[in-house]
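Note that our numbering has the sequence shown beginning at 22, numbered continuously upward.
Inspection log for the structure reproduced underneath, given as structure tokens.
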Amino acid sequence: MGLERKVGITTGLKYRGGGPMLVWLLHRISGLGIILFVGLHVLASFFTQQFGSDWAIAVNTVYESFWFQILVVFIVLFHALNGLRIVILDFRPELLQYQREAIWIEWAVFIPLYGLAVFLIIQYGLAGG
């Protein structure tokens, strides 16, 4: 016998989970983004190598733009740091009560690292690299 829940779509959208829920959602979205990026990258590399496909060359051109690289760095760096936070909290369950503080520490580490990466990507992009 399953649980009956009488929660409609409007009630579900009003959920105010706060920081932990948003980090959970961003972690899932970034994971899907990584899967999509790697899959398209493998396909584009294959089609470029085998057929010299115009589609694959267009995809690789998008990959080479520094705007796309900034997005990929955000996705990968956030997913990695959030995964590390999750692993630490899984191995030390007594720290779960400090989950919100752990999220703040994660952002305190993420923002300077991401800022440095964006600076270097833009600097390399503007230098014509």
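Quick reminder that beta carbons are idealized off the backbone N, C-alpha and C, glycines included.
In this text the structure is predicted, and so the values were computed from the model without any measurement.
task: Would you be able to state if there are at least three C-beta pairs under 8 Å between the region 67-80 and the region 115-131?
output: no
- prompt: Which residue from ILE55, ASN81, PHE99 and PHE58 puts its Cα closest to that of ILE132?
  reply: PHE99
message: For GLY60 and VAL93, what's the separation of their Cα atoms in angstroms?
response: If you take the alpha carbons of GLY60 and VAL93, they lie about 14 Å apart.
field: Proximity winner among ILE50, VAL63 and ASN81, relative to ASN103 (alpha-carbon distances)
entry: Nearest to ASN103 by C-alpha distance, out of ILE50, VAL63 and ASN81, is ILE50.
C-beta atoms of ILE91 and ILE142 nearer than 7 Å: yes
message: Can you determine whether any heavy atom of the ligand GDP sits closer than 6 Å to the C-beta of ILE55, and answer yes or no?
response: No copy of the ligand GDP occurs in the structure displayed, which carries no ligand at all.
- prompt: So what does DSSP say about ALA148, is it helix, strand or coil?
  reply: coil
task: Go to TYR84, then tell me how far its alpha helix (DSSP H) extends in each direction, as first and last residue.
output: 75-85
message: Going by DSSP, what residue range makes up the alpha helix (DSSP H) through PRO114?
response: Looking at the DSSP string, PRO114 is not in any alpha helix (DSSP H), and its letter there is neither H nor E.
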